[in-house]
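Its first residue numbered 1, the sequence shown is counted upward by one per residue in full-length UniProt numbering.
Cβ coordinates follow ideal geometry from the N, Cα and C atoms, glycine included.
Owing to the predicted nature of the structure, the values given are computational and were not obtained by experimental measurement.
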Amino acid sequence: MANTAETCIFCEIVKGERPAHIVLDVPDAVAFLDARPLFKGHTLLVPRTHHETLTDVPPDLLGPFFSHAQRLAAAMEPALGAAGTFVAMNNRISQSVPHLHVHVVPRNRKDGLRGFFWPRHKYDSDAEAADHAARLANALD
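1) Please name the residue in R18, L33, E6 and L136 whose C-alpha comes closest to that of H101.
2) Can you tell me which of the three DSSP states F39 falls into?
3) In three-state terms, what does DSSP make of P47?
4) Measuring straight from C-alpha to C-alpha, what distance separates R135 and K40?
5) Just reading off the alpha helix (DSSP H) that G63 is part of, what are its end residues?
6) Is it true that the CB of A29 sits closer than 8 Å to the CB of H68?
7) Counting C-beta neighbours from all protein chains within 10 Å, is the total for P78 16 or more, i.e. buried, or is it exposed?
8) Checking 8 Å against the spacing of the C-beta atoms, do I22 and A139 come in under that value?
9) Quick one: is residue 143 buried, meaning 16 or more other Cβ sit within 10 Å of its Cβ, or exposed?
10) Under the rule that 16 or more other beta-carbon atoms within 10 Å means buried, what is A88, buried or exposed?
11) Does DSSP classify I22 as helix, strand or coil?
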């Protein structure tokens with residue numbers, strides 16, 4: 001079955017039909033914590049409307065969408081004590097959910113992220129994930 005807005009798990013999150021730790025909820029985009037984070041605070045930014053890849057997004061939406069990615073990257077440092085961020089997206093290859101999403105990941109020196117062999121760091125609890133989401137959301141205000 002092809003992925004459509006009706007079958008997309010990110011669309012379900014956007015519509016509030018699937019639980020997620022929401023970091024940003026604005027008219028054109030939603031950001032939430034990655035369920036399998038590279039580091040705690042790893043956030044996925046998605047357009048509210050279903051677009052599979054970067055090339056599918058109408059050009060007039062790109063600037064506003066990436067301004068949200070910029071804001072998220074800026075919030076990581078003060079909210080989480082990160083030294084910087086890693087911002088990336090995949091198009092089709094290695095895109096686990098075929099709905100455009102930008103990864104915004106907090107980084108620190110010697111954090112173990114090397115090349116494309118990335119460690120995953122789970123939250124100790126749902127409460128810890130909620131705390132990271134709230135800290136990031138507060139930093140965006």
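Here's the rundown:
1) For this step, residue 101 is matched to residue 101 along the sequence shown. Considering only alpha carbons, the answer is L33.
2) On the sequence shown, position 39 is the one that residue 39 refers to. Reduced to three states, the DSSP call for F39 is coil.
3) Numbered from its first residue, the sequence shown carries residue 47 at position 47. Strand at P47.
4) Counting from 1 along the sequence shown, the entry for residue 135 is found at position 135. Counting from 1 along the sequence shown, the entry for residue 40 is found at position 40. When rounded, the separation of the alpha-carbon atoms in R135 and K40 is 12 Å.
5) Residue numbering aside, residue 63 sits at position 63 when the sequence shown is read from its first letter. Unbroken alpha helix (DSSP H) run through G63: P59 to L80.
6) What you label residue 68 is simply residue 68 of the sequence shown in a count that begins at 1. What you label residue 29 is simply residue 29 of the sequence shown in a count that begins at 1. Yes. Within cutoff.
7) Counting from one through the sequence shown, the residue named residue 78 turns up at place 78. Its Cβ having fewer than 16 others within 10 Å, P78 is exposed.
8) If you number the sequence shown from 1, residue 22 lands on position 22. If you number the sequence shown from 1, residue 139 lands on position 139. It is not a contact, given that the beta carbons lie outside the stated cut-off.
9) Past the edges of the chain, shown from 1 to 141, lies residue 143, and the structure says nothing about it.
10) Position 88 of the sequence shown holds residue 88. When all chains shown are included, A88 counts as exposed.
11) Taking the sequence shown and counting its residues from 1, one reaches residue 22 at position 22. The answer is strand: DSSP assigns I22 an E or B state.
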